[in-house]
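Peer 1:
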Amino acid sequence: MWTITRKEISSFFTNIGGFIVIGLFLLVIGLLLFFFPDLSILSSNYASLDSLFLIAPAIFTFLIPAITMRTFSEEYQTGTIELLTTKPLTEFAIVSGKFIAGVTIVLLALLPTLIYFYSVYQLGSPKGNLDIGGTIGSYIGLVLLSATFVSIGLFASTLTNSQVVAFILGAFLCFVVQWFFYLFSKLPVFTGNLDYVIQKLGADFHYNRISKGLIDSRDVIYFASVIFLFLTLAQYSIQKRKI
Amino acid sequence: MSIEVESLTKVYGSQKAIDGLTFNVQKGDILGFLGPNGAGKTTTMKILTCFMPQSTGSAKICGIDTREDSLAVRKRIGYLPESNPLYKEMYIKEYLSYIARIYGLKNIKNRVAEMIDITGLGREQNKKISEISKGYKQRVGLAQAMIHDPDVLIMDEPTSGLDPNQLVEIRQVIRDIGKDKAVILSSHIMQEVEALCNRVIIINQGKKIIDDKINALANVLRGEQIISIEFVNAPTDIDKVFGSNNSIIRIEKTGKNTVDIYADKKSDIREQIFDTAVRNNLKIIGMSQNQASVEEVFHQLTIAN
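Protein sequences, first through last, are from chains L and E.
Going left to right, the first sequence walks through residues 70 to 312 as this note's numbering numbers them.
Going left to right, the second sequence walks through residues -19 to 285 as this note's numbering numbers them.
(1) Along the chain, where does the alpha helix (DSSP H) that runs through Tyr75 (chain E) open and close?
(2) Look up Asn285 (chain E) in the DSSP assignment and say whether it is helix, strand or coil.
(3) Within 9 Å of any Cβ in chain L, is that where the Cβ of Leu51 (chain E) sits?
(4) Assess, as a yes-or-no matter, whether the stretch 120 to 129 of chain E is touched by the stretch 186 to 195 of chain E under the definition of 3 or more beta carbon pairs within less than 8 Å.
(5) From this set, L:Phe218, L:Gln304, L:Asn198 and L:Val90, which residue's C-alpha is nearest Phe241 (chain L)'s C-alpha?
(6) According to the Cβ coordinates, are Tyr(-12) (chain E) and Thr22 (chain E) closer than 9 Å?
(7) Along the chain, where does the beta strand (DSSP E) containing Arg230 (chain E) start, and where does it finish?
(8) DSSP state of Phe3 (chain E), grouped into three classes?
(9) From the DSSP secondary-structure annotation, give me the bridge partner or partners of Gly12 (chain E).
(10) Cβ atoms of Asp273 (chain L) and Phe250 (chain L): under 9 Å apart, would you say?
(11) Taking the alpha-carbon of Met135 (chain E) as reference, which of E:Glu62, E:Gln6 and E:Glu74 has the nearest alpha-carbon?
(12) Over what stretch of residues does the alpha helix (DSSP H) that includes Leu123 (chain L) continue unbroken?
(13) Among E:Val5, E:Lys89 and E:Gly12, which residue has its Cα nearest to the Cα of Met170 (chain E)?
(14) Using beta carbons (cut-off 9 Å, strictly below), is Leu158 (chain L) in contact with chain E?
(15) Once DSSP output is grouped into helix, strand and coil, what is the label at Thr227 (chain L)?
(16) Using a Cβ-Cβ cutoff of less than 8 Å, which residues in the same chain neighbour Gln123 (chain L) once the five nearest sequence positions on both sides are dropped?
(17) May I ask you to list, following chain order, the residues of the stretch 61 to 74 of chain E that have a beta carbon less than 9 Å from some beta carbon of chain L?
(18) Since Lys117 (chain E) contacts Glu69 (chain E) with CB under 8 Å, what's their CB separation in whole angstroms?
(19) Can you name the residues of chain E whose CB is closer than 8 Å to the CB of Lys311 (chain L)?
(20) Does any residue of chain L bring its CB to less than 9 Å from the CB of Tyr242 (chain E)?
(21) Count the other CB atoms within 10 Å of the CB of Arg103 (chain E); is the residue buried (16 or more) or exposed (fewer)?
(22) Enumerate in chain order the residues of its own chain whose CB-to-CB distance from Asn87 (chain E) is below 7 Å, with the five nearest sequence positions on each side excluded.
(23) Based on Cα-Cα distance, which residue from E:Lys40, E:Gly100 and E:Phe254 lies nearest to Val221 (chain E)?
(24) Along chain L, which residues have their Cβ under 8 Å away from the Cβ of Lys55 (chain E)?
(25) Taking the C-alpha atoms as reference points, what is the distance between Met138 (chain L) and Asp240 (chain E)?
(26) With 9 Å set as the bound, which would you pick, yes or no: does the beta-carbon of Arg81 (chain E) sit closer than that to a beta-carbon of chain L?
(27) Using a 10 Å radius around the Cβ and a threshold of 16 neighbouring Cβ atoms, would you call Tyr59 (chain E) buried or exposed?
(28) For the alpha helix (DSSP H) that contains Glu(-14) (chain E), what are its first and last residues?
(29) Here's the rule I'm using: 16 or more other beta-carbon atoms within 10 Å means buried, otherwise exposed. How should Gly239 (chain L) be labelled?
(30) Could you pull out every residue in the same chain whose Cβ sits closer than 7 Å to the Cβ of Val90 (chain L), ignoring the five residues on either side in sequence?
(31) Please report the straight-line C-alpha distance between Ala(-3) (chain E) and Pro16 (chain E), rounded to a whole angstrom.
(32) Compute the beta-carbon to beta-carbon distance between Leu133 (chain E) and Gly100 (chain E), rounded to the nearest angstrom, for a pair I have assumed lies under 8 Å.
(33) Buried or exposed for Gln34 (chain E), please, with buried defined as at least 16 other CB atoms from any protein chain shown within 10 angstroms of its CB.
(34) Give me the DSSP bridge partner(s) of Gln146 (chain L).
(35) Could you tell me whether the Cβ of Lys246 (chain E) comes closer than 9 Å to any Cβ of chain L?
(36) Between Gln118 (chain E) and chain L, is the shortest Cβ-Cβ distance under 9 Å, so that the two count as touching?
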């Protein structure tokens, strides 16, 4: 399993595309946080990274499927899947190896944003006037959300030989898991607390709760379940394609 | 017994890719798997390597059923798939180390160096896989299949795309390695199987036609002569006309007035054929005698059925 993880990470970074994806992510986040006035921290006059955690899910909806799209689609396209599945590796080892690699890559992309955290910390008046608990909570929420998106992207990648299709499918599924339930619950047919129940199905709901700095086991279990679901689906999909 | 295959069948939709295949391979055997394209060679190999499950029947590697403990089976098998898929962006050494780590080998560096030496990759060893020629890629494929010193080696067309010199070298590698293993290799080139294998199985449309030692097979194959005859007017009941001759194995029409008679090689029956023709008022205007070439027999075996 770790062998797979190691190979996936190194092949992501031997590819110039890997650096471009992460570089663009950091560039876009940097521009939105410090340059364009609408979400800029400098023009909001509050020492807070809220804007980062507001826009990150939207960016991750595209960024993470772009990272995971090749994981299985490329193996199917080039036939190396035959190599991989005839080695003494369980489907679980293959899928989780790639999953851990995907999460690690996203963490590496998130790591430089700690510079923003440091900057805002320094800019606060007085210095360090920043909701550290909330920020840490938000980071944990974001990591959980990224892991969820990685599992979704992996699953999408097992379904097709085409990386483009895997990307589009992955982005769509990420969107569904993140926002669909919230938007759906706004339909006027849901009365009583039905809309609230539906909202709870969406990742958005749980992400927002954790972002407040309140780490509730129920939210963590929610993310863990969704990850487990998609990783299981991915394993099932690989098995299914063997026939 | 290293490989035991028992009435193996694989059905795709309504088509049987392989149909009740049964064979065994022992340690030290190099088995040639011969058949035209689409005969079921690759399918059989994919089942043996646990890439896909069979529909019915069983396959055992070193006594372990592929369906019961596929992980243990996969540990004992080295496999070179037909298209020789490789991670093109990796370096040769990096790739071989990766495979070695998957198998959980120790002393990976030495083992990789050893495989590079055995397969003659030395000159190219610091290159990326995408930069080397097809023949060298094939060697990398062989190296990854043999790196964990498996009991069973399964290779789907291992020598395709090699130049004649490389062909000789790679065959030697397979022969050396195969001494203490059970090897199955597929091919549609008869001479290759003859040069490399000590046993051969010919399959066609998923069924086994021949399973024999290569020497025995060669004798069978070479034991025929073909007499090509041209008539002025070939009769429709030609089988009946020549049916009384015991040396004739079979008769095949090759054109409107031309036939090939396959006969026992022991005696020259041209005279008898001529006499029979005269007795039946058939006019022969051409006759020639040939030996059945290996390809021809292969062709006959796989087409006739």
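Just so you know, even glycine gets a beta-carbon here, dropped at the ideal spot from N, CA and C.
Peer 2: In short:
(1) Note, Tyr75 (chain E): alpha helix (DSSP H), Ile72 to Ile82.
(2) Residue confidence is low: Asn285 (chain E) scores 48 on pLDDT, short of 50, so the model does not pin down where it sits. No coordinate-derived value is stated.
(3) yes
(4) No, the stretch 186 to 195 of chain E is not in contact with the stretch 120 to 129 of chain E.
(5) L:Phe218
(6) With the sequence shown as reference, residue -12 (chain E) is identified as Leu, and Tyr is not the correct amino acid for it. No, these two residues do not count as a Cβ contact at 9 Å.
(7) That run of the beta strand (DSSP E) goes Ile228 to Lys233.
(8) strand
(9) E:Leu165 and E:Val180
(10) yes
(11) E:Glu62
(12) Asp119 to Thr137
(13) E:Gly12
(14) yes
(15) helix
(16) Per the sequence presented here, residue 123 (chain L) reads as Leu, with Gln not at that position. The residues are Leu108.
(17) Pro61, Glu62, Ser63, Asn64, Pro65, Leu66, Tyr67, Lys68, Glu69, Met70 and Glu74
(18) Their Cβ separation, rounded to whole angstroms, is 13 Å, which puts Lys117 (chain E) and Glu69 (chain E) out of contact at 8 Å.
(19) Phe31, Met32 and Pro33
(20) no
(21) exposed
(22) none
(23) E:Phe254
(24) Pro157
(25) 59 Å
(26) yes
(27) buried
(28) Looking at the DSSP string, Glu(-14) (chain E) is not in any alpha helix (DSSP H); the run it does join, the beta strand (DSSP E), is Ile(-17) to Tyr(-8).
(29) With a threshold of 16 other beta carbon atoms within 10 Å, Gly239 (chain L) meets it and is buried.
(30) Leu132, Ala135 and Ile136
(31) 13 Å
(32) At roughly 17 Å, the Cβ-Cβ gap does not stay under 8 Å, so Leu133 (chain E) and Gly100 (chain E) are not in contact.
(33) buried
(34) None, per the DSSP bridge assignment.
(35) The Cβ of Lys246 (chain E) sits no closer than 9 Å to any Cβ of chain L.
(36) Closer than 9 Å: no.
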